[in-house]
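Under the numbering used here, the first residue of the sequence shown carries the number 318, and numbering increases by one thereafter.
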Amino acid sequence: MKVQYFHDTDTLYIEFQDREIAETRDLDENTVLDLDAEGNVCAITFEHASTRTDVNHLHVEGIAA
318 MKVQYFHDTD TLYIEFQDRE IAETRDLDEN TVLDLDAEGN VCAITFEHAS TRTDVNHLHV
378 EGIAA
């Protein structure tokens, strides 16, 4: 899993699986969901992230070894 914040575009990208994207769905005008060929969620993108999420604070639990 990878979390990236792009300050210059105020975009938060969360990748759950590194797979080929087969479909991209707009959940709303500022949120995009990427799916693989089987319909599994691979990533989500949040535009205007600083006003919609807490990009200044990241808390991670349960990291697999």
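Where is the CB? At the ideal position from N, CA and C, for every residue including glycine.
7 Å CB neighbourhood of residue i in its chain, flanking five on each side removed
| i | result |
| --- | --- |
| ALA366 | TYR322, ASP327, THR328, LEU329 and VAL372 |
| ALA339 | LEU352, ASP353 and ALA354 |
| LYS319 | GLU332 |
| GLU337 | ASP353 |
Three-state class that DSSP yields for residue i in the structure shown
| i | result |
| --- | --- |
| ARG342 | strand |
| ALA366 | helix |
| VAL377 | coil |
| ALA354 | coil |
| THR326 | coil |
| VAL372 | coil |
| VAL332 | Inspection of the sequence shows that residue 332 is occupied by Glu rather than by Val. Three-state DSSP puts GLU332 in a strand. |
Cut-off 6 Å between Cβ atoms - residues of its own chain near residue i, not counting five sequence neighbours on either side
| i | result |
| --- | --- |
| THR362 | TYR330 and VAL349 |
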